[in-house]
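Quick note on numbering: the sequence shown equals residues 2 to 68 in the working numbering.
The beta carbon of each residue, even a glycine, is placed where N, CA and C say it ideally should be.
Treat the numbers as computed from the prediction; the structure is a model and nothing was measured.
Reading through the structure tokens given below for one structure.
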Amino acid sequence: MARIHEDATRHGIAELTSHVSLTAEPFFRHYGFEVTHRRYPVRNGVTLEYARMRKVLRGSAIPCVPG
């Protein structure tokens with residue numbers, strides 16, 4: 002994760018985003034990510050909850066394109 006932060010900052014990226022499983026949320030939260038919204042897609046009758054998480058990087062100039 003440190004390498005991702007370093008590379009993003011070096012390239013002027015303003016924020017990082019990720020779609021994460023419930024299991025991965027604590028990991029991303031540990032590194033300063035916050036949940037921006039949740040989704041509940043259903044696949045083959047099974048609901049698979051996930052969250053979109055975001056972290057704003059300090060000193061960055063280029064905003065992330067929503068996706």
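For glutamate 7, the enclosing alpha helix (DSSP H) starts and ends at 3 to 11. The alpha-carbon separation between arginine 4 and serine 22 amounts to approximately 22 Å. For glutamate 16, no alpha helix (DSSP H) segment is defined; the enclosing uninterrupted segment is the beta strand (DSSP E) at 16 to 22. CA-CA distance, alanine 15 to alanine 9, rounds to 8 Å.
For arginine 55, the uninterrupted beta strand (DSSP E) segment begins and ends at 51 to 57.
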